[in-house]
Each structure stands twice: as structure tokens, then as C-alpha cells.
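A short worksheet on the structure shown next.
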Amino acid sequence: MRITTLKLLAVVLLISWMGILDGSAQSALDLRINEILVDNQSNYLDDFGQHSPWIEIFNSAYNSVDIGGLYLTDDLSNPTKYRIASGQTMTVIPPRSYIVFWANNMPTHGIKHLNFILKEGSVIALFDASGKTLIDSVSVPGNVIPDITFGRTIDGGPEWANLPKSTPAANNDTEFRPMAGEKFVEMDPTGFGMAVIAMAVVFFALALLFIFFKNMSRVIGLDLNKQKIARALTKARLGKETESEKESIVKDEEYQVSGEVNAAIAMTLFMYSTEMHDDESTVLTINKVSRTYSPWSSKIYGLRQYPK
1180 MRITTLKLLA VVLLISWMGI LDGSAQSALD LRINEILVDN QSNYLDDFGQ
1230 HSPWIEIFNS AYNSVDIGGL YLTDDLSNPT KYRIASGQTM TVIPPRSYIV
1280 FWANNMPTHG IKHLNFILKE GSVIALFDAS GKTLIDSVSV PGNVIPDITF
1330 GRTIDGGPEW ANLPKSTPAA NNDTEFRPMA GEKFVEMDPT GFGMAVIAMA
1380 VVFFALALLF IFFKNMSRVI GLDLNKQKIA RALTKARLGK ETESEKESIV
1430 KDEEYQVSGE VNAAIAMTLF MYSTEMHDDE STVLTINKVS RTYSPWSSKI
1480 YGLRQYPK
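Each residue of the sequence shown is one higher than the one before, counting from 1180 in the working numbering.
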């Protein structure tokens, strides 16, 4: 039993390790050589203040990729010419970001300084950690223009061209593109079109709600009619009434009054008939008061009375 458990654990660990390797390989395959500068006379400076040729690599993935352990070369017959040191934080490329290497044949200056120099007509290639799988490559064009970079027109895109601006560690596409809101303002400066669209959307939604509830009421009405018909058929099968009897039963059910209601009505009529008042005269008789003073102004009724 213990041996079986150990075997299963070993298989799980092996599969996990293979998945990690596969995930790393897939991440490395997202790297692209994005921009190069061969003749650097007054362009980007390296960390030693020198104008050196440089290579920009772009991480097209939406996760960080560690380029450490991969190989850069200018000779396809020697794919492992320069191994990028691994285990360094500077070799981790953030999502949709860049890293720049200096092709100045001075590897002693640091990890980002390669052991070859860019030349016209040469090839730049990026290989995986095994040195066998080609991740990306580009041929350096001839007749290069000083301080003019050669790169992808869109980061990670298929088209290459001489770029109007050198953008080391930045987006190659520097063309201004207005936002959607700015385009809408240009097309509809007064806002009338937006108001019409908003009203159309509201009325369209109200129309849909009207159609929905109307159809729902019809469906509910059909269900109620089906229930009434089913009850009538059930009564007809059980009681075997005739059509006239069915109509009378329906009328009786509609006009049937409970006994409590009948008793209340009868009691009300009885009390009304037995407790009616007599006719009263509408003539007022005023008798003269024998007192000579007005009782309304008399103070004797407000005096304190002492017991006798």
C-alpha cells in the first residue's frame, strides 16, 4: 500500500514538473526581437555613457517572463553564443514591457552587454534555454542610416521598417490616435446625434418591454382559460350535467351568498322595522322666564356653597 502511494506521488510530481517546464517554454515563446539600432552615433546611451548598438526585446505576453537562461547570437551556426545570466531580477520582463541589450562586444560591462557587435547584413536570433528552439530572429538590413532604428511598426507585429523615432524600452507606434470620445466629438460637435441615439435606445427598450409584457398577459390568459375549461370538463364527466344544468351551476356559483351574510341582512331589516322613531314636530315653543335677570349673567351659581 505504501509503495503504491509513493508511486502515485512520484507521478504527480513528475506531471507538475513537466507542466512548469511547459509553462516556462510557452512564456519564453512570447518574446520578440522588437527594435535594433546598428549605427548609434548620438542616440541612446548605455550605462557607461557610450553610444553602442542595441537590441530591444519585447514581452508580448500578459504575464512576466524571465529571459534569463536564454541565448542571443548573431550566428545561426552558433546558437549559444551569448547566454543571458539567470537568477537576476533585471532579466525579468514585466507584461507587455521591454528589455534592451547592448551589442558592443563588452560582456564584462554587465549582463546586458553582449559578446558581439551588430553589423549590416548579419542575423540576430533568440534561442530557448536548450539552444535548439529558435524563438525569434531578424536580419539586419544593409545600408543602415545612422541613429535610425529598424523595428516592428507595431510592438510584436509582423511588419518591419525604419522607424521615424527611436523608442528604446518603449512603444514603437508613436502615431497619435484620437480616443473614441474625441472622434465622436468631431463627428457630432453639437451633441444632437448623441441625444437622438440615447432617445432611440430608451424607446427601443420600452417597446421591447411592452411586447414582452403583452405576450406574457396573453399566455397567462390562455392558461387561465385552459384551467376553466378543464374544471368544466371534469364536472361534466363526474356529474353528467346537461348544458342548461352547467349554465345554472355556473350562475349559482357566481351568485351564491353565504349564510352569515343572509343572517346579517335579516337582522338589519328586523331592527330597522321594529326600532323606527315616531314623527317629531318641527315647531319650537319658547316660554318666558319668570326671573327678572338674565341667568347668563348671574353670579350666584358661581359662588361657593357652604354646608348647612
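Even glycine gets a Cβ: it sits at the ideal position worked out from N, Cα and C.
### Task
Tell me, please, whether the segment 1239-1254 touches the segment 1216-1223 by the rule of three or more beta-carbon pairs shorter than 8 Å.
No, the segment 1239-1254 is not in contact with the segment 1216-1223.
### Task
Under 6 Å Cβ to Cβ from R1483, same chain only, skipping five residues before and after it: list those, please.
Within the sequence shown, the letter at position 304 stands for residue 1483. No residues qualify anywhere along the chain.
### Query
Relative to the C-alpha of Y1241, which residue among N1257, L1448, S1276, D1226 is closest?
Counting from one through the sequence shown, the residue named residue 1241 turns up at place 62. Of the residues N1257, L1448, S1276, D1226, the one whose Cα lies closest to the Cα of Y1241 is S1276.
### Task
Would you kindly work out how many angstroms separate the C-alpha atoms of K1405 and K1393, rounded to a whole number?
The sequence position of residue 1405 within the sequence shown is 226, counting from 1. The sequence position of residue 1393 within the sequence shown is 214, counting from 1. Linking K1405 to K1393 through their CA atoms gives a straight-line distance of about 19 Å.
### Task
Pull up the distance between the alpha-carbon of M1285 and that of V1364, whole angstroms please.
As a working mapping, residue 1285 is identified with position 106 in the sequence shown. As a working mapping, residue 1364 is identified with position 185 in the sequence shown. Going by the C-alpha atoms only, they are around 54 Å apart.
### Query
If we count the other Cβ atoms within 10 Å of its Cβ and call it buried at 16 or more, is D1334 buried or exposed?
Along the sequence shown, read from residue 1 onward, the residue named residue 1334 stands at position 155. Burial state of D1334 is buried, judged by a 10 Å Cβ sphere holding 16 or more other Cβ atoms.
#### Entry: First through last residue of the beta strand (DSSP E) which encompasses N1213
Locating residue 1213 in the sequence shown gives position 34, where the first residue counts as 1. For N1213, the enclosing beta strand (DSSP E) covers residues 1210-1216.
### Task
Inspect the CB distances between the segment 1311-1321 and the segment 1365-1380 and report whether three or more fall short of 8 Å.
By the C-beta criterion, the segment 1311-1321 is judged not to be in contact with the segment 1365-1380, since fewer than 3 inter-stretch pairs fall below 8 Å.
### Message
I want to know whether the segment 1286-1295 touches the segment 1253-1266 - three or more CB-CB distances under 8 Å.
### Response
With a cut-off of 8 Å on Cβ pairs, the segment 1286-1295 is in contact with the segment 1253-1266, counting three or more such pairs.
### Beta-carbon gap between G1330 and N1351 smaller than 7 Å
On the sequence shown, position 151 is the one that residue 1330 refers to. On the sequence shown, position 172 is the one that residue 1351 refers to. Yes, the Cβ-Cβ distance between G1330 and N1351 is below 7 Å.
### Task
Decide if Q1205 is buried, meaning its Cβ has at least 16 other Cβ atoms within 10 Å, or exposed.
Here the question's residue 1205 lines up with position 26 in the sequence shown. Its pLDDT being 49, under 50, Q1205 is placed unreliably by the model, and the measurement read from it follows with that caveat. With fewer than 16 Cβ atoms within 10 Å of its Cβ, Q1205 is classed as exposed.
### Message
For a test of the three-state rule: what should DSSP assign to S1318, helix, strand or coil?
### Response
Taking the sequence shown and counting its residues from 1, one reaches residue 1318 at position 139. Strand.
### Query
From A1207 to I1246, what does the alpha carbon distance come to, in whole angstroms?
Here residue 1207 corresponds to residue number 28 of the sequence shown, with the count starting at 1. Here residue 1246 corresponds to residue number 67 of the sequence shown, with the count starting at 1. Rounded to whole angstroms, A1207 to I1246 spans 7 Å at the Cα level.
### Message
If I follow the unbroken alpha helix (DSSP H) through Y1277, where does it start and stop?
### Response
Working through the sequence shown from its first residue, we reach residue 1277 at position 98. Here Y1277 belongs to no alpha helix (DSSP H); instead the beta strand (DSSP E) covers 1277-1281.
### Query
What are the boundary residues of the alpha helix (DSSP H) that T1453 is part of?
For the purposes of this step, residue 1453 is identified with residue 274 of the sequence shown, where counting begins at 1. Residues 1438-1453.
### Query
Between which two residues does the alpha helix (DSSP H) harbouring F1363 extend?
What you label residue 1363 is simply residue 184 of the sequence shown in a count that begins at 1. Counted as a single uninterrupted DSSP element, the alpha helix (DSSP H) harbouring F1363 occupies residues 1359-1366.
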